[in-house]
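Novice: FYI, the numbering for the sequence shown is 22 to 383, going by this note's numbering. Just so you know, even glycine gets a beta-carbon here, dropped at the ideal spot from N, CA and C.
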Amino acid sequence: MRTLLGATVLISLAYLAKPVAVMAVVPIVAVLVERLLQRRPLPWLHAAVLLVVPLVVLAAYDRRVASYAQWHWASGITRLHVVPALVAALTSGSAFAAKLALFENTFTMLQATLLGGAFWWLALGAFIALPWLRARSRTLLWAWLAGGLAYAYVVVTVERVDYYLLLLLPLCSLAIGGAAAALLAAVRGSVDAPAARYALIAGFALVGLFGLVQSRAAVGAYYRYNGLAYRNARTLDGTLPAGAIVVIGHYGPDIQYYVDRFGWEEDPALWTPFDEESAIRKGARYFISVEDLRFRRNRDLCVWLQRFPLVETATSWPVYHTDPALASRRGDLLWRAFRNAELAGRATPFLKKTGLCAVRSP
Numbered sequence: 022m023r024t025l026l027g028a029t030v031l032i033s034l035a036y037l038a039k040p041v042a043v044m045a046v047v048p049i050v051a052v053l054v055e056r057l058l059q060r061r062p063l064p065w066l067h068a069a070v071l072l073v074v075p076l077v078v079l080a081a082y083d084r085r086v087a088s089y090a091q092w093h094w095a096s097g098i099t100r101l102h103v104v105p106a107l108v109a110a111l112t113s114g115s116a117f118a119a120k121l122a123l124f125e126n127t128f129t130m131l132q133a134t135l136l137g138g139a140f141w142w143l144a145l146g147a148f149i150a151l152p153w154l155r156a157r158s159r160t161l162l163w164a165w166l167a168g169g170l171a172y173a174y175v176v177v178t179v180e181r182v183d184y185y186l187l188l189l190l191p192l193c194s195l196a197i198g199g200a201a202a203a204l205l206a207a208v209r210g211s212v213d214a215p216a217a218r219y220a221l222i223a224g225f226a227l228v229g230l231f232g233l234v235q236s237r238a239a240v241g242a243y244y245r246y247n248g249l250a251y252r253n254a255r256t257l258d259g260t261l262p263a264g265a266i267v268v269i270g271h272y273g274p275d276i277q278y279y280v281d282r283f284g285w286e287e288d289p290a291l292w293t294p295f296d297e298e299s300a301i302r303k304g305a306r307y308f309i310s311v312e313d314l315r316f317r318r319n320r321d322l323c324v325w326l327q328r329f330p331l332v333e334t335a336t337s338w339p340v341y342h343t344d345p346a347l348a349s350r351r352g353d354l355l356w357r358a359f360r361n362a363e364l365a366g367r368a369t370p371f372l373k374k375t376g377l378c379a380v381r382s383p
């Protein structure tokens with residue numbers, strides 16, 4: 022009973038921390054089915070508690086937060102983006118092909134910033150060898166992999182960020198570790214000379230060290246401390262009105278944490294005027310252009326935001342005051358003129374002539 026309670030609590034906490042953890046249902050159900058097929062005893066009450074209680078906790082939490090939150094991220098993304106994209110892929114050949122191409126790109130993200138090149142190939146080799154390796158439950162591993170790939174196809178092709186693939190990292194670690202253990206056992210049993218055995222074992226350690234260094238280099242920029250960004254963010258915390266809702270042109274939680282305001286953190290190269298209008302309708306009153314170079318290259322968004330005045334701040338980040346009451350008629354006319362020029366294929370000359378959204382040197 023203590024084990025059941027601990028497992029249920031941990032799964033519930035995982036669901037609350039990030040709803041993607043609900044994918045744990047897939048390997049759990051697979052293991053239960055495996056027990057049934059092997060005619061092994063199945064404690065139905067324990068299984069029901071493990072499956073149902075965490076989902077009930079998550080549903081209650083979601084309902085509670087949705088009652089007062091201006092935007093509940095998981096359910097909002099699912100309802101407005103994930104489900105429509107999946108329906109389109111299942112009902113249109115071209116949409117299916119496009120989603121399949123994006124699905125292929127998720128593996129590039131997994132290799133580039135999560136596993137790293139060496140561990141990517143080691144994980145691939147481990148899964149190829151899995152049918153011939155001893156494992157307590159291959160069903161668990163295969164179901165985990167299937168659930169992760171399904172999630173990548175359904176969700177990560179819409180929300181194209183690498184951290185949604187984190188659920189595959191423990192699985193890859195288990196697969197690589199299991200394959201390495203089997204290979205080490207084979208080496209010990211087949212190589213008689215101690216020196217040769219130690220040399221082979223040292224080779225394993227060197228491969229692991231190489232993979233670790235390689236993967237760390239790939240994600241180094243994620244964890245590099247930026248003192249200027251911290252100072253700018255803390256300055257804005259003291260400048261912007263308390264409780265203001267913001268859109269931050271930077272895809273990362275660090276700036277939003279330091280600014281200490283609710284809102285959106287978005288890639289300025291992908292955010293659109295329609296997205297910004299939606300955020301403004303939900304109460305966003307400031308757009309903080311953290312990555313101003315990438316923001317200016319997003320010409321539609323940059324020109325559209327020129328209708329709003331800039332806020333005087335002691336930072337290097339332009340901050341637009343996106344209160345609809347402050348939108349200028351001149352800015353709207355410039356936007357319409359830009360759109361006409363864009364449709365005529367003369368967007369670049371128009372921007373050069375007006376001096377709008379000039380791309381400054383970093």
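Based on Cα-Cα distance, which residue from V78, F124, P262 and L189 lies nearest to L161?
Specialist: Of the listed residues, the one whose Cα sits closest to L161 is L189.
Novice: Counting C-beta neighbours from all protein chains within 10 Å, is the total for N319 16 or more, i.e. buried, or is it exposed?
Specialist: Buried, because 16 or more other Cβ atoms sit within 10 Å of the Cβ of N319.
Novice: If I follow the unbroken beta strand (DSSP E) through Y307, where does it start and stop?
Specialist: From DSSP, the beta strand (DSSP E) with Y307 extends over A305 to I309.
Novice: Buried or exposed: T112, going by 16 or more other Cβ atoms within 10 Å of its Cβ?
Specialist: Result: exposed.
Novice: Would you kindly work out how many angstroms separate the C-alpha atoms of V52 and V268, rounded to a whole number?
Specialist: Each residue's Cα considered, the two are about 43 Å apart.
Novice: Go ahead and pull the three-state DSSP assignment for Y341.
Specialist: Note: Y341 maps to strand in three-state DSSP.
Novice: Going straight from the alpha carbon of G229 to that of R155, what length do you get?
Specialist: G229 and R155: Cα-Cα distance of roughly 22 Å.
Novice: Within a Cβ cutoff of 7 Å, which residues of the same chain sit near A150, ignoring the five residues on either side of it in sequence?
Specialist: Cβ within range, chain order: A200.
Novice: DSSP three-state call for G284: helix, strand or coil?
Specialist: If DSSP states are grouped into helix, strand and coil, G284 belongs with the strands.
Novice: Have a look at Y82 and L37 and give me their C-alpha separation to the nearest angstrom.
Specialist: Distance between the alpha carbons of Y82 and L37: 8 Å.
Novice: In the DSSP assignment, find the unbroken alpha helix (DSSP H) run with V50 in it and report its ends.
Specialist: Unbroken alpha helix (DSSP H) run through V50: V46 to L58.
Novice: State the DSSP-derived secondary structure class of L377, mapped to helix, strand or coil.
Specialist: Coil, per DSSP.
Novice: Going by C-alpha distance, which of L186, L192, W163 and A167 is nearest L143?
Specialist: Measuring from the Cα of L143, the nearest candidate turns out to be L192.
Novice: How would you write the range of the alpha helix (DSSP H) that V73 sits in, first residue to last?
Specialist: Its alpha helix (DSSP H) spans residues W65 to A87.
Novice: Going by DSSP in three states, V104 sits in which element: helix, strand or coil?
Specialist: Helix at V104.
Novice: For G304, which option in F283, P294 and A223 has the closest C-alpha, if you only look at C-alpha atoms?
Specialist: Checked all of F283, P294 and A223; the closest Cα to G304 is F283.
Novice: List the whole-angstrom C-beta distance separating W356 from S310, where the pair is believed to meet the contact cut-off of C-beta under 8 Å.
Specialist: The pair is not a contact, with the Cβ atoms about 17 Å apart (cut-off 8 Å).
Novice: To the nearest angstrom, how far is it from the Cα of R255 to the Cα of Y279?
Specialist: Rounded to the nearest angstrom, the two C-alpha atoms are 6 Å apart.
Novice: Using only CA atoms, which one of A164, A139, V324 and A346 lies nearest to A45?
Specialist: Checked all of A164, A139, V324 and A346; the closest Cα to A45 is A164.
Novice: Helix, strand or coil, according to DSSP, for V240 in the structure here?
Specialist: Coil, per DSSP.
Novice: Where E286 and F140 are concerned, what is the direct C-alpha to C-alpha distance, given to the nearest angstrom?
Specialist: Cα to Cα, E286 sits roughly 30 Å from F140.
Novice: Could you check where the alpha helix (DSSP H) with V324 kicks off and where it finishes?
Specialist: Unbroken alpha helix (DSSP H) run through V324: R320 to L326.
Novice: Have a look at G169 and W65 and give me their C-alpha separation to the nearest angstrom.
Specialist: Whole-angstrom Cα-Cα distance: 26 Å.
Novice: Going by C-alpha distance, which of R245, P262, D321 and K374 is nearest F295?
Specialist: Of the candidates R245, P262, D321 and K374, the one whose C-alpha sits nearest the C-alpha of F295 is D321.
Novice: In angstroms, rounded to a whole number, what distance separates the CA positions of T134 and V50?
Specialist: Computed Cα separation, rounded: 30 Å.
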